[in-house]
Each structure stands twice: as structure tokens, then as C-alpha cells.
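Enquirer: Take this structure first; my questions come after.
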Amino acid sequence: MIPFRETPGGVTFAIKVHPRAKKNAITGELGDALRVSLTAPPVEGKANEACIDFFAKLLEVPRSSITIAAGHTSRNKVIRVIGLSVTEIEKRLNIRSPS
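Anchor point for the sequence shown: position 48 equals 47 in numbering that gives the first Met the number 0, and the numbering is continuous, going up by one each time.
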């Protein structure tokens with residue numbers, strides 16, 4: 000189960016990025032993180048931009064509502080979503096967080 004954390008700056012959750020994949024997709028869970036495949040290579044921030052675009056589209060929010068809070072140069076990242084509650088994110092991602 001993915002722990003979504005409600006913070007004053009928005010909701011955060013961990014992801015593990017697999018760059019250079021065939022398609023952009025959430026491919027499962029890895030420990031306390033979502034496993035995310037992205038087609039972009041991990042070069043010059045392209046995977047980070049693809050990650051932001053992917054989650055903005057998936058969660059139906061503007062790009063400006065998604066930020067990478069930690070892990071800019073790592074495959075392990077923390078995503079921050081502004082403007083949605085934990086419940087809304089879980090519903091849009093079709094995921095249940097631990098109670």
C-alpha cells in the first residue's frame with residue numbers, strides 16, 4: 000500500500016521511476032512507492048518533465064500542480080500534488096492507501 004501524506008504544501012507520495020520504457024504507465028508498487036515507467040531517458044531532466052506531464056494528465060490537474068519534492072537526480076522520487084486531497088488522488092489513481 001502506498002502511503003500518501005497530507006502536508007501543508009499538498010499531498011506527497013513516493014515513486015520509483017523506470018526510464019526508457021515502452022510506454023508511460025504505473026506498473027505496480029515497490030515497497031512504499033509506486034513503480035512508474037516513463038518513455039523519456041534520464042538525461043537533462045527529460046524523465047522529470049515526463050513524470051510531471053504524466054501525473055498531471057493522470058490526475059487531471061495543471062502541470063503547475065505537480066512538483067518533484069525530492070529525488071531530482073534519482074530514480075526514487077517524492078511527488079507533491081497541490082489542490083487535491085488524498086481521497087481524490089487515490090480515486091483518480093484507483094489506489095487505496097493504508098489506514
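All C-beta atoms, glycine included, are put in the ideal place defined by N, C-alpha and C.
I need the boundaries of the alpha helix (DSSP H) containing A49, first residue and last residue.
Expert: Unbroken alpha helix (DSSP H) run through A49: K45 to L58.
Enquirer: Does DSSP classify R62 as helix, strand or coil?
Expert: Helix, per DSSP.
Enquirer: Does DSSP classify T6 as helix, strand or coil?
Expert: Looking at T6 - three-state DSSP - the assignment turns out to be strand.
Enquirer: Within 10 angstroms of the Cβ of A69, are there 16 or more other Cβ atoms? Answer buried if so, exposed if not.
Expert: Answer is exposed; the Cβ neighbour count stays below 16.
Enquirer: Going by beta carbon distance, what residues of the same chain come within less than 8 Å of I67, once the five residues before and after it are set aside?
Expert: Closer than 8 Å at the Cβ level, and outside the excluded window around I67, lie N47, C50, I51, K76, V77, I78 and R79.
Enquirer: Helix or strand or just coil, what does DSSP make of I81?
Expert: Looking at I81 - three-state DSSP - the assignment turns out to be coil, as it is neither helix nor strand.
Enquirer: Beta-carbon separation of V35 and I14 under 8 Å?
Expert: In contact: V35 and I14 (Cβ atoms closer than 8 Å).
Enquirer: Near A20, which residues of its chain fall below 7 Å by C-beta distance, leaving aside the five closest residues on each side in sequence?
Expert: Once the five neighbours on either side are set aside, the close Cβ partners of A20 are S36, L37 and T38.
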